[in-house]
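Visitor: Heads up: the sequence shown runs through residues 998 to 1331, numbered per this note's numbering.
Here it is: the structure, laid out below.
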Amino acid sequence: MSRSVLRFLFFVFIPFFAGIAIYIYLRGLDHSVSTENAYVKADHVTISNYVESSVVEVLVREYQTVDAGQVLLRLDQSMQILNVKKKQSNLVEIKATLTSLQANYREKEAEVELYRERVAYADQELKRLVSLSRTHNIAQSAVDASVHEKNRSELALTIAKEQLASIKAKLDGEPGQAFSSYADYRQAKAELDHAVYLLNKTVIKAPLSGVVANLPSLGDFLDEGEAIATIFSNSGFWVEANYTEKAISGIRVGQKALVTFDLYPGKEWKGSVVGLSPATKSEFSLFPAQNTDGRWIKVAQRVSVLISLDDDDRYNIFPLKTGLSATSTIILSE
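Rendered as structure tokens:
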């Protein structure tokens, strides 16, 4: 081959193909964005303690895989059992009081009816004596005695009505209701239910399937509200990728993504964008990155993008763990 032909190939064809390669590379850059600031995430639950008590039994070991509902440990129940018995006794006492009040109400109702009849009879008798005194020789003392008897009956009726109203008020104005309708009973029942609830909380169960961590030791005393353990789900992983504010302009929900993990070099997972954070990462920090003095330095902000991973049999071969480092690439357009 002549030197002129070689020179032509060198100065024409090689730059031409190099230009095509550069164009394809740059086009690929324009159609995807990548970041190494990405981490594996999964559902996890921190179990909190509801009662002050000590650990009397630990049934699982640290980092053991557990099923939802499986008993993890037991706390001392002695104080909670006593509290339940106390609330049960209180409820029985409330029921007995309500039963007595209802019986007293029925008795007082009959008493009011009796005094009402006596008042009616005394009034009728007084009218009869007054009528007879006009035409017959009846002693005034007989009329006075009738007036006195009527007044006594009316007073007794008034007192009985007041007592009936008092009993009715203690029965919330509805003396014939079931026990569950009365405020005192409902409060006592709620206190008993709460005591039973706390008793049940001395048996600590896994709220979801996964791996348990940060377990207490046998004999540890746990305060109310203290974290007991954490369950990390071993399925349903996703990736939280933190892209710079310039990179997210073309990211949309539904776009495809490719993810690799530092734990498994060369292995690639497919996924898709399922959500973008409404604010930058710094806005969720305790002290947002806002500086108003003269020493301000601009720092590129990052926005979290959630990427769901497609179901794949490789998860059984290459298991993932929460917090693993990842590299994500989002395909902006096909």
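Beta carbons are placed, not taken as given, at the ideal position from N, Cα and C, and that holds for glycine.
#1: Jot down the residue ranges of each uninterrupted beta strand (DSSP E) in the region 1063-1131, minimum 3 residues, whole runs only, in chain order.
#2: What does Phe1229 pair with, by DSSP beta-bridge criteria?
#3: DSSP state of Leu1273, grouped into three classes?
#4: Candidates Val1048, Lys1264, Val1271 and Val1236: which alpha carbon is nearest Ile1248's?
#5: So is Leu1215 buried or exposed if we call it buried at 16+ other beta carbons inside 10 Å?
#6: Arg1299 lies in the beta strand (DSSP E); which residues open and close that run?
#7: Determine the contact status of Ala1065 and Ala1203, defining contact as a CB-CB distance below 8 Å.
#8: Ignore the nearest five residues each way along the sequence and tell me which others in Val1177's own chain have a CB closer than 8 Å to its CB.
#9: Check each candidate in Asp1190, Leu1168 and Asn1239 and name the one with the smallest Cα separation from Ala1180.
#10: Measure the Cβ-Cβ separation of Asn1034 and Ala1238 and say whether it is below 8 Å.
#11: Can you list, in chain order, the stretches of the alpha helix (DSSP H) that have 4 or more residues and sit fully within the region 1169-1216?
#12: Which residues in the same chain as Gln1160 place their Cβ atom closer than 6 Å to its Cβ, once the five residues preceding and following it in sequence are excluded?
#13: I need the straight-line Cα distance from Gly1173 to Asn1087, nearest angstrom please.
#14: My assumption, with CB atoms under 8 Å, is that Leu1306 sits in contact with Val1250. Please give the rounded CB distance.
#15: For the beta strand (DSSP E) holding Ser1051, just list the boundary residues, first then last.
#16: For the region 1111-1128 against the region 1140-1158, do three or more pairs of beta-carbon atoms, one drawn from each stretch, fall closer than 8 Å, so that the two count as touching?
Guide: Result, derived from the coordinates:
#1: The region 1063-1131 contains these whole beta strand (DSSP E) runs: 1068-1072.
#2: Phe1229 is bridged to His1041 and Val1208.
#3: Three-state result, Leu1273: strand.
#4: Looking at Val1048, Lys1264, Val1271 and Val1236, the one whose alpha-carbon comes closest to that of Ile1248 is Val1271.
#5: By the neighbour-count definition (other C-beta atoms within 10 Å, threshold 16), Leu1215 is an exposed residue.
#6: Looking at the DSSP string, the run of the beta strand (DSSP E) that includes Arg1299 is Arg1299 to Leu1306.
#7: Cβ distance < 8 Å, so Ala1065 and Ala1203 count as in contact.
#8: Looking at the sequence itself, residue 1177 is Ser, so the reference to Val does not match. Within the same chain, Ser1177 has close Cβ partners Arg1183 and Lys1186.
#9: The candidate whose alpha carbon is nearest that of Ala1180 is Leu1168.
#10: Yes, they are a contact pair.
#11: Taking only runs of at least 4 residues, the alpha helix (DSSP H) segments lying wholly in the region 1169-1216 are 1180-1197.
#12: Cβ neighbours of Gln1160 beyond the five flanking positions: Lys1105.
#13: So the alpha carbons of these two residues sit roughly 22 Å apart.
#14: No, Leu1306 and Val1250 are not in contact; Cβ-Cβ is about 16 Å, not under 8 Å.
#15: Run containing Ser1051: Ser1050 to Val1055, per the beta strand (DSSP E) assignment.
#16: Contact between the region 1111-1128 and the region 1140-1158 is present, because at least three Cβ pairs lie under 8 Å.
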